[in-house]
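Here the structure is laid out as structure tokens; the discussion comes afterwards.
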Amino acid sequence: MIFEDEFSAKQTDMIQLALEYVDRVEKKVDTVYIYCSFESMYSFDVFYKDDKNNIVMLHELSKKGMSESEIDNLIFSVLKLGNKDLQDIHKICQKYNRPMPSQIKLIYDNVKKSVNGKYFYDLFYSNSDTLTADDIFEQWYNEVKEEIEGNYGI
539 MIFEDEFSAK QTDMIQLALE YVDRVEKKVD TVYIYCSFES MYSFDVFYKD DKNNIVMLHE
599 LSKKGMSESE IDNLIFSVLK LGNKDLQDIH KICQKYNRPM PSQIKLIYDN VKKSVNGKYF
659 YDLFYSNSDT LTADDIFEQW YNEVKEEIEG NYGI
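Everything in the sequence shown is counted per the working numbering, starting at 539 for the first residue and increasing by one.
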């Protein structure tokens with residue numbers, strides 16, 4: 539295998555993980571947004587555009603009949619496994635002597651079955667006294683939410 543194949547395969551694992559969560563909670567989504575960061579630590583998170591054009595985070599997609607602890611455990615598993623996938627991407631970069639992106643944003647169109655990836659190598663939060671990876675994730679979530687939902691009702 540070559541670098542691109544291994545790197546892409548691990549990204550596919552992340553997308554499948556995010557889609558498995560949706561299947562478990564029996565929801566439909568049109569788009570999956572995956573955020574990965576590696577600066578001072580690994581960070582992985584996901585949000586979605588559901589089939590009604592709402593931008594929702596993991597905890598907002600839950601199945602009736604599942605307890606709060608079941609949902610929490612499921613979300614924890616998704617984040618833990620996604621973090622592991624990100625660590626594997628770092629190992630792949632090291633194996634092929636390639637730079638590890640400081641930030642990866644994957645947008646998976648679940649309708650068209652296509653993915654768009656954005657890769658960044660600059661520091662976004664580790665050089666700040668106040669910002670965290672969660673802040674950058676929330677910023678992206680809010681940008682997408684405004685873009686998708688912000689024009690309704692005007």
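Ideal Cβ positions, reconstructed from N, Cα and C, are used throughout, including at glycine. All values derive from a computational prediction rather than experimental measurement.
Buried versus exposed, by CB contacts within 10 Å (16 or more), residue i
| i | result |
| --- | --- |
| SER666 | exposed |
| GLY691 | With a pLDDT of only 46 at GLY691, under the threshold of 50, the placement of this residue in the model should not be trusted; the figure read from the coordinates follows. Exposed is the call here. |
| ILE627 | buried |
| MET539 | exposed |
| GLU577 | buried |
| LEU661 | exposed |
| PRO639 | buried |
| MET552 | buried |
| ALA671 | buried |
| VAL616 | buried |
Span of the alpha helix (DSSP H) around residue i
| i | result |
| --- | --- |
| VAL682 | 671-687 |
| ASP568 | It is not in any alpha helix (DSSP H) - ASP568 instead sits in the beta strand (DSSP E) that spans 567-576. |
| THR617 | A quick correction: the sequence has Leu, not Thr, at residue 617. Its alpha helix (DSSP H) spans residues 606-633. |
Heavy atom of the ligand MN within 7 Å of residue i beta-carbon
| i | result |
| --- | --- |
| GLU684 | Among the ligands in the structure shown, none appear at all, so the ligand MN cannot be discussed. |
Distance between beta carbons of residue j and residue i, contact taken as under 8 Å
| i | j | result |
| --- | --- | --- |
| ASP588 | ASP568 | 7 Å |
| TYR679 | ILE593 | 7 Å |
| VAL649 | LEU599 | No, VAL649 and LEU599 are not in contact; Cβ-Cβ is about 17 Å, not under 8 Å. |
Residue i - partner residues in DSSP beta bridges
| i | result |
| --- | --- |
| TYR646 | VAL570 and VAL653 |
Q) Does the region 603-619 come close enough to the region 640-652 that 3 or more CB-CB pairs lie under 8 Å? A) no
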